[in-house]
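Using my numbering, the first residue of the sequence shown is number 5, and each one after it goes up by one.
Here a beta-carbon is modelled for each residue, glycine too, at the ideal position from N, C-alpha and C.
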Amino acid sequence: MEFDRLEQAWRSEANSPDAQAQAYLMEQLMQMLKTRRRGEMLLALIPTAAMTFFTGVAGQAVLDGRIDLAREWGGLAMLGVCWAVIATVLIASVLAKRPPHDGSPMRQTLEALLAANHRARVGFRIFLISMPVFIVPTLIGVFQLEAVGKATERNITQMLLMFGVALVASVGWNALRFFRVLKPEQRRLEALLAEYEG
């Protein structure tokens, strides 16, 4: 069930559902919540899998002696910052305030949807805070490659361009999702919860 349809049905003047209709709406809400949780897990697994792969490649390069840690530590610092951000998002998700388990199933579901929205907004804020911290080791790592002769000036320019485009695209996508999806959804869920409690 789409959120717009749910909201329209919820606020309809003719909304005096019998037990069967309430059960149907509850089932639709639960399905929406399950779909959201699967999406959140997938969004968390994609960067974690990518970071695991890159960490494995870097670890193998260190073991093979292709990376001189004394002169090329910037790339490993960048990996460390990325892992720290992933860990922070996961810890914030685990420590996030869970909705109370008292009250009606409808109230519990609305609170769970609001809590999921809150976790996603916290994740965006962590992402923004991490950007300046991430940029420094990235630049250090790129210029260290040039210093040890593993990259030419042209390679450096291409890497910086690629990192810049990826950074702008990532910030843009996350900001668009925050302001066009998460914030409006937060307001709508809070209004529905207030109406339900009222």
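Under the three-state reduction of DSSP output, K187 falls in the helix class. Taking the Cβ atoms as the reference, A151 lies roughly 7 Å from R75, within the contact range of under 8 Å. Nearest to M135 by C-alpha distance, out of V172, T39, P51, is V172. Going by C-alpha positions, M110 is about 59 Å away from R158.
The three-state secondary structure of I144, taken from DSSP, is helix. If you draw a straight line from the Cα of K38 to the Cα of I90, it is about 22 Å long.
In the assembly as shown, T142 is a buried residue. Its beta-carbon has 16 or more other beta-carbons within 10 Å. At the C-beta level, L117 and L164 stay beyond 7 Å of one another. The beta carbon of G78 sits closer than 6 Å to those of P141, I144, G145, Q148, all from its chain and outside the five residues before and after it, given in chain order.
Counting the other Cβ atoms within 10 Å of the Cβ of G127 gives 16 or more, which makes it buried. Taking every protein chain shown into account, the CB of L196 has 16 or more other CB atoms within 10 angstroms, so this residue is buried. With a 10 Å radius around the Cβ and a threshold of 16 neighbouring Cβ atoms, V93 comes out buried. Residue state for A155 is assigned as coil, using DSSP reduced to three classes.
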